[in-house]
């Protein structure tokens, strides 16, 4: 295929004068825009999305029917009609896949509600809602229809830090049983949505680079930075307050994969020996030993039974080395790949690994 | 505050581009028209200030991609069948035979591959720029481009082989 052929195909695609007139009329003038045909666009309960927020990898796609995983993913976006409380459907969904939380944190300008905890060994997702206090400056304008970034609310530092484009940046997580697992970590917010009454909803994603970080019985503490040495540049924590704590219940279903001799040899040629490969609806986690760190940057994707390929999220993957020699030519590793969408395990056909030399490794997944 | 005239000029300048991206995402004329409307409504609502022509164009592309993702991933959209599939509406253009074949191959690629191909080979953005527009890493953009080209090559090869077979026997 030549570039010119490609361009020719797309040159044919353009609006006719009639289409342009019709669309322009529907748009209306700048003062009186025509109403959007909601049926064909966003779901009826969704409202305005922030343009400035991070978009992490937890997007919502799944099979053609609205499967339970679709509902889980939709619930993770918490498109809720009732802004004060979770709906029964959401509570049931969270209870089915993880646990319902009942945790509230009072901040200076609003209340942060932690709704649920869903996790595998390295990733913890906490759907949440943030409700502004009604007497906060800018809130009235927001609920009257002013865009969020046109109000004074978006400058509130407790919520959003413009220089790093980070939400809830003052929160760190801590695993009570493991003092080494403390820090800002990968505290991202996924798919934040602003509803018409001013509630922000989304999900926090916490990732770790150690295996078996999150297990049933693990106590998770969310701490808030209360003092920083350089507030305008970096958050140098000088003191914290425990803000919320909860104990993890059941985990998402996880399965250990078997690597046959042929694939083990191919991985060995890449420079790693995988001792354990664990698959969950959220991620693939591997641990083992290696001689070439570049092997840990291989591209990993999930091939579904219907042929679709799910890639890894750019925001939620990483690896950690230990027991390294001087030149990193001998090391132990733990690597995790967060999928760009949650995947029911029974839909997965294989894991596809490809390195920079285009070595292809296909690891079949058999879930009965 | 941008005037109606400003908006109309931008509409004339970018509506075809927005429409092409939307068609390339969903293959549906009606959905693509809705997306054009939504993108320019968002422009009117946000009134963004642009540093340059390139920044302006990248904004429209980014918003279009986001609108496409929202529309085509919504539960509502997953449960409806675009009228094109039901045979009720024709494709957005009348291609010749070679273009038809290529368009069919492109239409069957996943949307995330179609968009990187479009940005690279039609809009002639470099990988870094594509990554910035789509909000992905350059590595991921590069990987998607490589996979997309590989898939096209494979599908075109299969099509050509099938045509050869047809020539010999008259049937597939």
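Residue numbers (my numbering), protein chains in the order written: chain F, 4 to 371; chain U, 84 to 255.
Yeah, the Cβ is synthetic: ideal placement off N, Cα and C, and Gly gets one too.
Output the distance between the C-alpha atoms of residue 101 of chain U and residue 184 of chain U, rounded to the nearest integer angstrom. 23 Å
- Message: Let me confirm a value: residue 241 of chain U is counted as buried when at least 16 other C-beta atoms fall within 10 Å, else exposed. Which label applies?
- Response: Residue 241 of chain U sits exposed, since fewer than 16 C-beta atoms from the chains shown fall within 10 Å of its C-beta.
### Message
Which residues of the region 302-315 of chain F have a Cβ closer than 8 Å to any Cβ of chain U? Give them in chain order.
### Response
302, 311, 312 and 314
So, with DSSP's three-state summary, where would you put residue 256 of chain F?
coil
(request) Taking all protein chains shown into account, decide if residue 227 of chain U is buried (16 or more other Cβ within 10 angstroms of its Cβ) or exposed. (result) Buried.
For residue 241 of chain F and residue 247 of chain F, I'd like the C-alpha separation in whole angstroms.
The predicted model places residue 241 of chain F with a pLDDT of 48, which falls under 50 and marks its position as unreliable, so this point remains unresolved.
In terms of alpha-carbon separation, which member of F/202, F/11, F/126 and F/357 lies closest to residue 282 of chain F?
-> F/126
Any C-beta of chain U sitting closer than 8 Å to the C-beta of residue 156 of chain F? no
Looking at chain F, is there any beta carbon in it that lies within less than 8 Å of the beta carbon of residue 98 of chain U?
So yes, residue 98 of chain U belongs to the interface.
For this session: Could you tell me which residues DSSP puts in a beta bridge with residue 293 of chain F?
Result: F/275 and F/334
* Between residue 120 of chain U and residue 30 of chain F, what straight-line distance do the alpha-carbon atoms span, to the nearest angstrom? -> 6 Å
Contact the region 86-94 of chain U vs the region 273-289 of chain F: 3+ CB pairs below 8 Å: no
Self-check item: Beta bridge counterpart(s) of residue 307 of chain F as assigned by DSSP
Solution: F/351
Closer than 9 Å by beta-carbon distance: list the chain F residues that pair up with residue 94 of chain U, in chain order. 23, 26, 27 and 30
Taking contact to mean 3 or more Cβ pairs, one atom from each stretch, closer than 8 Å, check whether the region 111-128 of chain F and the region 299-308 of chain F are in contact.
no
*asked:* Helix, strand or coil, according to DSSP, for residue 16 of chain F in the structure here?
replied: Assigned with DSSP and collapsed to three states, residue 16 of chain F falls in coil, not helix or strand.
Report task. Helix, strand or coil for residue 262 of chain F, going by three-state DSSP, please let me know. Result -> In the three-state reduction of the DSSP assignment, residue 262 of chain F falls in the coil class, being assigned neither a helical nor a strand state.
Check your understanding: What is the residue span of the alpha helix (DSSP H) that residue 113 of chain U lies within?
Key -> Going by DSSP, residue 113 of chain U is part of the alpha helix (DSSP H) stretching over 112-129.
Say yes only if the C-beta of residue 233 of chain U is nearer than 7 Å to one or more non-hydrogen atoms of the ligand HEM, and no if none qualify.
Only the bare structure without any ligand can be found here, which leaves the ligand HEM out of the picture.
Practice prompt. Compute the beta-carbon to beta-carbon distance between residue 202 of chain U and residue 208 of chain U, rounded to the nearest angstrom, for a pair I have assumed lies under 8 Å.
Written response: The C-beta separation of residue 202 of chain U from residue 208 of chain U comes to about 5 Å, placing the pair in contact by the 8 Å criterion.
*Any Cβ of chain F within less than 8 Å of the Cβ of residue 148 of chain U?*
no
* Name the one or two DSSP bridge partners that residue 382 of chain F has. => Shown here, chain F extends from 4 to 371; a query on residue 382 of chain F therefore has no answer.
Exercise. So residue 147 of chain U packs on residue 122 of chain U, CB below 8 Å; how close in whole Å?
Worked result: 5 Å
On the DSSP letters alone, give me the boundaries of the alpha helix (DSSP H) that residue 262 of chain U sits inside. For residue 262 of chain U there is no data in the structure shown, the boundaries of chain U being 84 and 255.
Exercise for review: Measure the Cβ-Cβ separation of residue 210 of chain U and residue 221 of chain U and say whether it is below 8 Å.
Suggested key: Contact: yes.
Exercise. Flag residue 240 of chain U as yes if its beta-carbon sits less than 8 Å from any beta-carbon of chain F, otherwise no.
Key: no
Exercise. Can you tell me whether residue 45 of chain F is buried or exposed, with buried defined as 16 or more other CB within 10 angstroms of its CB?
Worked result: Low confidence applies here, because residue 45 of chain F scores a pLDDT of 21, under 50, leaving its location unreliable and the question unanswered by this model.
Original post:
Do the CB positions of residue 16 of chain F and residue 230 of chain U come within less than 8 Å of each other?
Top reply: no
Using a C-beta to C-beta distance shorter than 8 Å, which residues of chain U count as neighbours of residue 13 of chain F? Taking a Cβ-Cβ cut-off of 8 Å, the neighbours of residue 13 of chain F in chain U comprise 103, 107, 201 and 205, given in sequence order.
Check: Can you tell which of U/204, U/235, U/213 and U/236 has its C-alpha closest to the C-alpha of residue 225 of chain U?
Finding: U/213
TODO: Quick one: residues in its chain with C-beta nearer than 7 Å to the C-beta of residue 94 of chain U, no 5 flanking neighbours on either side, listed in chain order?
DONE: 123
>> One question on the structure: do residue 310 of chain F and residue 294 of chain F come within less than 8 Å of each other, judged by their Cβ atoms?
In response: no
Min CB distance residue 342 of chain F to chain U below 8 Å: no
Same chain, Cβ closer than 6 Å to residue 94 of chain F, five either side skipped, listed in chain order
Taken in chain order, the residues that qualify are 103.
For residue 285 of chain F, the three-state DSSP class (helix, strand or coil): coil
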